[in-house]
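Numbering (the numbering used here), first residue to last: 6 to 299.
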C-alpha cells in the first residue's frame, strides 16, 4: 500500500499522524510525508510582460530567490513528521519530501506521480475559519483527485476502540467504502454503524425490481451485515429517511463517530451528483474524521 501524508508541522498535523493508529492501515506500507511550502511559485520572470507593475515584479523576484530556503525549511518539517510517524509505525517504510507550491496543488501534483492508495491530511478544527481552510485545501483535494482521501480532525478525543460510520447508497462507490471497512486492520473491538438513508431523489438509480425504497434500504444494510461477518467488528445498522447530508451528520454526532467512510469518485455528472454532494458536505461539516473512498 502507498500512503501520501500532507503534513504542516502544526498540532493539527501531529494529531492527524497520531490518528493513523486507528485508521485500519496495514502493518507494513510505504509512506511519503510531504510538506508543502505554501507559497505562490513565480513563473519565468524573464518572460514577464512589460506592463507588469514593477513592485509586483520585484516581489515575485524576491519570492523566486527564496524558494530554495522555503523548501529547505519545509524539508525539515517533513522530516519531523517522518520521525514522529516512525515511532508510531516502526515497520513502515517512510520518507520525507518537500516542495514549494500552494498547499493543495502541491499535494495533488505529488499524488499524480505517486498514485497513492490513500492521501491523509489534517484539518484545523470545525469553526468558520476551519471551513475556509477546508474550502481552500481539503475540499480542493477531495474534489480534484481520483484517489481516496482521509481528512483527520481532533475535534474530540478519539476512542479506543473507535466508532466508524459507513454511509451506503447502493452504488459501486459506497460498496468500496464498505469493502474498505471489511478489509481494514482496525483495533480490536472497533464498532461499525452501517447507515442507509432513504432519499427519494435517488429513486431512479435503484433497480426497477426494488420499487419500495424502505425495502431497498433494508436490503442494503442486510447485505452489508453479511459482508462484515467474520471481520471481528461490532456491527449495528440503521435506516433513515430524508436528506442524507443532514442525517448522516446528525447520526455522526448522536452516535459519537470517530470516522465516517463514504464512497466518492469525483466525477461531475448527474448520476453521481448526490453522492458527490454528500461526500463534500461531510468533509466540510462533520466534527469527526472523514475518509472518501475511491
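Just so you know, even glycine gets a beta-carbon here, dropped at the ideal spot from N, CA and C.
Could you spell out the range, first to last residue, of the beta strand (DSSP E) harbouring residue i?
{"i": "residue 146", "result": "Per DSSP, residue 146 belongs to no beta strand (DSSP E); it is in the alpha helix (DSSP H), 143-149."}
{"i": "residue 123", "result": "123-127"}
{"i": "residue 181", "result": "Looking at the DSSP string, residue 181 is not in any beta strand (DSSP E); the run it does join, the alpha helix (DSSP H), is 177-188."}
{"i": "residue 40", "result": "35-43"}
{"i": "residue 292", "result": "It is not in any beta strand (DSSP E) - residue 292 carries neither H nor E in the DSSP assignment."}
Helix, strand or coil for residue i, going by three-state DSSP, please let me know.
{"i": "residue 267", "result": "strand"}
{"i": "residue 239", "result": "strand"}
{"i": "residue 156", "result": "strand"}
{"i": "residue 10", "result": "strand"}
{"i": "residue 202", "result": "strand"}
{"i": "residue 104", "result": "strand"}
{"i": "residue 86", "result": "helix"}
{"i": "residue 197", "result": "strand"}
{"i": "residue 30", "result": "coil"}
So, at 6 Å on beta carbons, what are the nonlocal neighbours of residue i in its own chain, with the 5 sequence-adjacent residues on each side left out?
{"i": "residue 35", "result": "7 and 98"}
{"i": "residue 79", "result": "40, 42 and 103"}
{"i": "residue 111", "result": "41 and 104"}
{"i": "residue 194", "result": "166"}
Considering only the alpha carbon of each residue, which of the options lies closest to residue i?
{"i": "residue 41", "options": "299, 253 and 126", "result": "126"}
{"i": "residue 155", "options": "257, 141, 288 and 19", "result": "288"}
{"i": "residue 223", "options": "172, 231, 243 and 43", "result": "243"}
{"i": "residue 18", "options": "31, 28, 89 and 75", "result": "89"}
{"i": "residue 247", "options": "241, 201 and 235", "result": "201"}
{"i": "residue 259", "options": "109, 292, 158 and 141", "result": "292"}
{"i": "residue 153", "options": "120, 12 and 172", "result": "120"}
{"i": "residue 29", "options": "112, 21, 16 and 191", "result": "191"}
{"i": "residue 10", "options": "20, 39 and 193", "result": "39"}
{"i": "residue 32", "options": "294, 188 and 256", "result": "188"}
{"i": "residue 146", "options": "264, 117 and 177", "result": "117"}
Which residues bound the alpha helix (DSSP H) around residue i?
{"i": "residue 224", "result": "218-232"}
{"i": "residue 116", "result": "108-119"}
{"i": "residue 257", "result": "249-260"}
{"i": "residue 22", "result": "16-24"}
Please list, in chain order, all residues of the same chain as residue i whose beta carbon is under 7 Å from its beta carbon, the five residues on each side excluded.
{"i": "residue 185", "result": "266 and 298"}
{"i": "residue 143", "result": "126, 128, 156 and 288"}
By Cβ distance below 8 Å, which residues in the same chain neighbour residue i in space, the five residues on each side in sequence not counted?
{"i": "residue 91", "result": "97 and 99"}
{"i": "residue 132", "result": "For residue 132, the predicted structure reports a pLDDT of 44, less than 50, and the residue's modelled location is therefore unreliable. A value from the coordinates is still provided. Here the set comprises nothing."}
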